[in-house]
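Residue numbers (our numbering): 1 to 243.
Structure, rendered in structure tokens:
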């Protein structure tokens with residue numbers, strides 16, 4: 001199975017999703033095609049294996065980056081000694097910035113895998129939830145962990161409607177309930193709706209910023225400035241989160 005995954009990963013990196021070929025996998029393995037189906041039922045299962053592998057590798061990279069993050073001093077964005085604001089940021093903000101940079105670095109080093117995860121969906125393929133939800137939410141769960149630990153509340157004012165004079169709409173109530181379920185599934189049932197929305201904002205904003213750079217959506221003139229632009233964007237995202 002490991003060898004099948006290695007060959008499929010090489011195909012993905014060289015030719016994209018369109019280049020995935022079970023026939024080529026069997027050729028490189030040196031076995032007849034019928035033998036391969038004892039391990040992989042078809043292209044869809046091969047794609048699922050690649051998805052899970054990529055989700056886990058990205059999350060492992062993020063965990064490693066956070067585990068090796070140097071402790072930051074308790075300061076605000078403006079450092080009196082003129083050091084880089086990211087270095088002088090409070091711990092929660094620093095961890096979110098480290099996490100975002102780890103995502104960008106992994107994406108630049110694994111473009112085909114990142115595209116499989118967050119690019120155009122593969123036609124006629126539906127990822128099985130039972131196999132992909134847990135690895136696919138590891139990074140989001142790490143962001144929520146940081147947000148909850150910091151006691152952050154989004155600066156955007158995204159809060160539940162509890163405590164307001166007007167009754168909550170049915171849709172707002174359903175959203176609050178859904179956010180509560182999501183928090184529990186991510187291992188933080190204590191998280192507020194505002195913290196869940198802040199987490200989603202940071203994650204989707206980071207993915208969007210990576211995609212814009214990776215797929216040259218800003219135009220080729222911005223390519224030399226990708227790292228600095230991404231840094232500025234993620235700093236703004238931490239402000240939206242409220243850390």
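For each residue, glycine too, the CB sits at the ideal point set by N, CA and C.
*To which residues of the same chain is residue 64 closer than 8 Å at the C-beta, ignoring the five residues directly before and after it?*
Excluding positions up to five away in sequence, the list reads 102.
_I need the straight-line Cα distance from residue 136 to residue 52, nearest angstrom please._
A direct Cα-Cα distance of roughly 7 Å separates residue 136 from residue 52.
*Return the CA-CA distance between residue 55 and residue 173, expressed in angstroms with no decimal places.*
Residue 55 and residue 173 have their C-alpha atoms roughly 31 Å apart.
*Of the choices 46, 197, 232 and 93, whose alpha-carbon is the least far from that of residue 131?*
Taking each of 46, 197, 232 and 93 in turn and checking the Cα distance to residue 131, the smallest one comes out for 46.
_Whole-angstrom distance between residue 242 and residue 2, CA atom to CA atom_ = Rounded to the nearest whole angstrom, the C-alpha separation of residue 2 and residue 242 is 42 Å.
*So is residue 80 buried or exposed if we call it buried at 16+ other beta carbons inside 10 Å?*
Bear in mind that the predicted position of residue 80 carries a pLDDT of just 37, short of 50, making it unreliable; the figure below should be weighed with that in mind. Using a 10 angstroms sphere on the CB of residue 80, the tally of other CB atoms stays under 16, which defines it as exposed.
*Relative to the C-alpha of residue 197, which residue among 39, 16 and 183 is closest?*
Per the Cα distances, 183.
*asked:* Could you tell me which whole alpha helix (DSSP H) segments of length 4 or greater appear in the stretch 81-145?
replied: Residue ranges of uninterrupted alpha helix (DSSP H) with 4 or more members, entirely inside the stretch 81-145 and ordered along the chain, are 91-109, 111-118 and 129-136.
*Can residue 96 and residue 238 be called in contact, C-beta distance under 7 Å?*
Going by C-beta atoms, residue 96 is nearer than 7 Å to residue 238.
*Please find out if some non-hydrogen atom of the ligand MN comes closer than 6 Å to the beta-carbon of residue 30.*
Within the structure as shown, the ligand MN is missing, as the structure has no ligands at all.
*Would you tell me roughly how many angstroms separate the C-alpha atoms of residue 93 and residue 206, rounded to the nearest one?*
Residue 93 and residue 206: Cα-Cα distance of roughly 14 Å.
_Just to confirm before moving on: does the CB-CB distance between residue 169 and residue 179 stay below 7 Å?_
It is not a contact, given that the beta carbons lie outside the stated cut-off.
*Report the three-state DSSP secondary structure of residue 190 (helix, strand or coil).*
Here residue 190 sits in coil by DSSP.
*Report yes if the C-beta distance between residue 209 and residue 233 is below 7 Å; otherwise report no.*
For residue 209 and residue 233, yes; Cβs fall inside 7 Å.
*Expressed to the nearest angstrom, what Euclidean distance is found between the alpha-carbon atoms of residue 115 and residue 185?*
Straight-line spacing of the CA atoms in residue 115 and residue 185 works out to 26 Å.
*What is the C-beta distance between residue 8 and residue 49, in whole angstroms, given that I count them as a contact (C-beta under 8 Å)?*
That pair is a contact at about 7 Å.
*Nearest CA to the CA of residue 100: which residue from 18, 41, 211 and 21?*
Of the listed residues, the one whose Cα sits closest to residue 100 is 211.
*Option in 176, 15, 110 and 229 with minimal Cα separation from residue 213*: Of the candidates 176, 15, 110 and 229, 229 places its Cα closest to the Cα of residue 213.
*Along the chain, where does the alpha helix (DSSP H) that runs through residue 171 open and close?*
Where residue 171 is concerned, the enclosing alpha helix (DSSP H) stretches over 170-185.
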